[in-house]
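So the sequence shown is numbered by this note's numbering: it starts at 301 and just counts up by one.
Glycine is no exception: its CB is placed at the ideal position from the N, C-alpha and C atoms.
Computed from a predicted model, the values in this text were never measured in an experiment.
Report on the structure given below.
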Amino acid sequence: MTLYYKDFNNKTAVITGGASGLGKGTAKVFAEHGANIVLVDIDSTKLDLVGNEIRQMGVKVSFYTCDVTNEKDVNKIVHLIEKQVGFIDILVNAAGVWASSGFEDLEQASLEDWDFTYSINVKGTVIFSESVAEKMKERNYGKIINIASHAGKYASPSNAAYGASKAAVIHLTQSLALRWASNNINVNVICPGSIWTPMWERIAERIRRQNVSKNKMSTREIFLEHIKAVSPLQREQTPEDIGNAVVFFASENAKNITGQSLNVNGGIIMD
301 MTLYYKDFNN KTAVITGGAS GLGKGTAKVF AEHGANIVLV DIDSTKLDLV
351 GNEIRQMGVK VSFYTCDVTN EKDVNKIVHL IEKQVGFIDI LVNAAGVWAS
401 SGFEDLEQAS LEDWDFTYSI NVKGTVIFSE SVAEKMKERN YGKIINIASH
451 AGKYASPSNA AYGASKAAVI HLTQSLALRW ASNNINVNVI CPGSIWTPMW
501 ERIAERIRRQ NVSKNKMSTR EIFLEHIKAV SPLQREQTPE DIGNAVVFFA
551 SENAKNITGQ SLNVNGGIIM D
């Protein structure tokens, strides 16, 4: 794992949602390439555990508790990071949620589901990007990578709020890429497929409760059955797979790529 290593010496990568799932996996890949790691998450207990785990990889690690939907909180944390750690070279917006009540049909999703999902997936991405970009513009350098989903590229009655929020993140990425191109800030987005994370485990649990034929299956078995049914490659992706794609976008190998979405989903969606 040394392809982009030299790009990240003395570079600082901030990862929101860094205490679990895709954020944690991405942070570990950046650590393998020698970057300084800054984890941001609302869960302080998990932050402490993951931060110490990544520190064992021999890199500098800092972590901050933050609500990405609170502009004052975000601006305060970004200022602290810049003061205590240094310039932010890379921002990965990995904080994200499914609807608060779970895997809902369109008719079942409440306005609270929509508000909750959009608040974190879209509003959180906007707020953190805007805050970090201020210093990036002054330095005329920055890499911002957002995490959307292939769910933002197709319609489904069972994930309307989530899918719409991720479609918004894809569109937002393109808008920010245009807006900050003159500041030498690259903005791109990764669209993962189905990945075994705490979020998907909750989805599988809901599927099991709603389907009598699956009540003897484990959540993991339900997930793998789903992968075999929808993936041409017949295999799951991992948080580290997403991290590898993020690292590419953050590297100088991708210096002329901006405003692009990359599917990492085993071929489930091809565009």
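message: The alpha helix (DSSP H) that contains GLY442, what's its start and end?
response: Here residue 442 refers to the residue found at position 142 of the sequence shown. Here GLY442 belongs to no alpha helix (DSSP H); instead the beta strand (DSSP E) covers 442–447.
task: On the DSSP bridge assignment, give the partners of SER362 in chain order.
output: Residue mapping note: residue 362 aligns to position 62 of the sequence shown, counting from 1. BP columns for SER362 point to VAL338.
message: Quick check: the Cα distance between ASP435 and LYS311, rounded to an integer number of angstroms?
response: To locate residue 435, count along the sequence shown from 1; it is residue 135. To locate residue 311, count along the sequence shown from 1; it is residue 11. Residue 435 is actually Lys in this sequence, not Asp. Going by the C-alpha atoms only, they are around 14 Å apart.
query: Does the region 549–561 come close enough to the region 472–490 that 3 or more CB-CB pairs lie under 8 Å?
result: yes
- prompt: Should LYS516 go down as buried or exposed, given a rule of 16 or more other Cβ atoms within 10 Å for buried?
  reply: What you label residue 516 is simply residue 216 of the sequence shown in a count that begins at 1. Exposed, by the Cβ-count rule.
query: Can you tell me whether DSSP reads PRO492 as helix, strand or coil?
result: Counted from its first residue, the sequence shown places residue 492 at position 192. It is a strand residue.
message: Taking the alpha-carbon of ALA468 as reference, which of ASN446, SER456, ASN484 and TRP480 has the nearest alpha-carbon?
response: Position 168 of the sequence shown, counting from 1, holds the residue named residue 468. With distances taken between Cα atoms, ALA468 lies closest to ASN446.
- prompt: Is VAL546 near VAL392, with beta carbons less than 8 Å apart?
  reply: For the purposes of this step, residue 546 is taken as the residue at position 246 of the sequence shown. For the purposes of this step, residue 392 is taken as the residue at position 92 of the sequence shown. For VAL546 and VAL392, yes; Cβs fall inside 8 Å.
task: Measure from the alpha carbon of PHE363 to the alpha carbon of each residue in GLN356, MET357, ASN375 and ILE381, then state which is nearest.
output: The sequence position of residue 363 within the sequence shown is 63, counting from 1. Per the Cα distances, ILE381.
task: Please check the pair TRP414 and ALA461, which I expect to be a contact at CB under 8 Å, by giving their CB distance rounded to whole angstroms.
output: Stepping through the sequence shown from its first residue, residue 414 is reached at position 114. Stepping through the sequence shown from its first residue, residue 461 is reached at position 161. Their Cβ separation, rounded to whole angstroms, is 5 Å, which keeps TRP414 and ALA461 in contact under 8 Å.
PHE403 to ALA409 span [Cα, whole Å]: Reading the sequence shown from its first residue, position 103 is the one you call residue 403. Reading the sequence shown from its first residue, position 109 is the one you call residue 409. With a pLDDT of only 49 at PHE403, under the threshold of 50, the placement of this residue in the model should not be trusted, and no figure is reported.
message: I'd like to know if the region 316–325 and the region 529–540 are in contact, where contact means that at least 3 CB-CB pairs between them fall below 8 Å.
response: yes
message: Here's the rule I'm using: 16 or more other beta-carbon atoms within 10 Å means buried, otherwise exposed. How should ILE529 be labelled?
response: On the sequence shown, position 229 is the one that residue 529 refers to. The question names Ile, yet the displayed sequence has Ala at residue 529. With fewer than 16 Cβ atoms within 10 Å of its Cβ, ALA529 is classed as exposed.
- request: Kindly indicate which three-state DSSP category ILE249 falls into: helix, strand or coil?
  value: With the chain covering 301 to 571 only, the question about residue 249 has no answer from this structure.
message: By the three-class DSSP mapping on this structure, what secondary structure does ILE557 have?
response: Here residue 557 is taken as the residue at index 257 of the sequence shown, counted from 1. Three-state DSSP puts ILE557 in coil, outside helix and strand.
query: Relative to the alpha-carbon of ASN375, which residue among GLY424, PHE330 and ALA335 has its alpha-carbon at the smallest distance?
result: As a working mapping, residue 375 is identified with position 75 in the sequence shown. Closest option to ASN375, Cα to Cα, is GLY424.
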